[in-house]
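Everything below concerns the one structure shown next.
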Amino acid sequence: AIEVSAQHAKLLALLVQIAGARRVLEIGTLAGYSTIALARAVGPDGLVVSLECEAAHAEIARDNLGHAGVDGRVEVIVGAALDTLPRLQQRGEVFDLVFIDADKENNVAYVEWSVRLGAPGTVIVVDNIARNGRVLDPAPADQQAQAVHDMLVTMGADPRLDTAAIQTVGTKGWDGFAVAVVK
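In terms of our numbering, the sequence shown is numbered consecutively and its last residue is 195.
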């Protein structure tokens, strides 16, 4: 399963509530399961902007958002995130929380954009950081594990962020989140 687990969705919703987030950016929509959790957590006056590179996934997500009754709180944008993020900056978008769950090879760039589109106090959450331990000593051929490893090192060294790694064990095995706050 590549979607966010139920326990991760619950943790995301709690982080939105703890942060008092009303504007959330999600990088990677897939079928919209995490998007629904985020949209419910921001409340009726909040907004989730969700970026999805695959039009077919975005269409499924829009249907799911409608069935969940939260489609009015979500803007799904189709296109490569690295092409879309500069447009969000041009629109003057600022987000209270950013959730990253997309192509791992671009995680470092996504974190950088999260800082640019955030403000002091913005929470950044990155999914799938443990990858059953492969991130600790990634094999050269394991590009996703290497990319996650590089992202964790980058986040930990970034003076603009306070970062922690939270490991989880559940239906998806040993996994986890990186959680950071913009200083």
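Backbone N, C-alpha and C fix where the C-beta goes; we use that ideal spot for every residue, glycine too.
- Residue burial is scored here from C-beta neighbours: Leu26 has fewer than 16 other C-beta atoms within 10 angstroms and is therefore classed as exposed.
- Excluding its 5 nearest sequence neighbours in each direction, Ala80 has C-beta neighbours in its own chain below 6 angstroms: Ile48, listed in chain order.
- Val16 has its alpha-carbon roughly 11 angstroms from the corresponding atom of Gly188.
- Ala114 counts as buried, since at least 16 other C-beta atoms from the protein chains shown sit within 10 angstroms of its C-beta.
- With a contact defined as Cβ atoms closer than 8 angstroms, Leu77 and Ala121 miss out at about 26 angstroms.
- In the three-state reduction of the DSSP assignment, Ala25 falls in the helix class, which pools H, G and I.
- Note that the C-beta distance between Val86 and Ser62 is below 8 angstroms.
- Excluding sequence positions up to five before and after Ala31, its CB lies within less than 7 angstroms of the CB of Asp108, Leu109, Val135, all in the same chain and listed in chain order.
- When only Cα atoms are considered, Val191 and Ile178 end up about 7 angstroms apart.
- Beta-bridge partners assigned by DSSP to Phe111: Glu38, Val137.
- A straight-line Cα-Cα distance of about 9 angstroms links Pro171 and Val194.
- In this structure, DSSP gives Ser62 an extended state, which the three-state scheme calls strand.
- Contact check for Val90 against Glu64 passes: the beta carbons are separated by less than 8 angstroms.
- The C-beta of Gly104 has fewer than 16 other C-beta atoms within 10 Å across all chains shown, which makes the residue exposed.
- Spanning the alpha carbons of Asp139 and Thr41 requires a straight line of approximately 13 angstroms.
- Note that the C-beta distance between Ala43 and Ala18 is not below 8 angstroms.
- Beta-bridge partners of Leu173 (DSSP): Val194.
- In the same chain as Met163, and ignoring 5 residues on each side of it, the C-beta atoms closer than 7 angstroms to its own belong to Asn119, Val120, Val123, Val138, in chain order.
- By the CB criterion at 8 angstroms, Glu38 and Val54 fall outside the cutoff.
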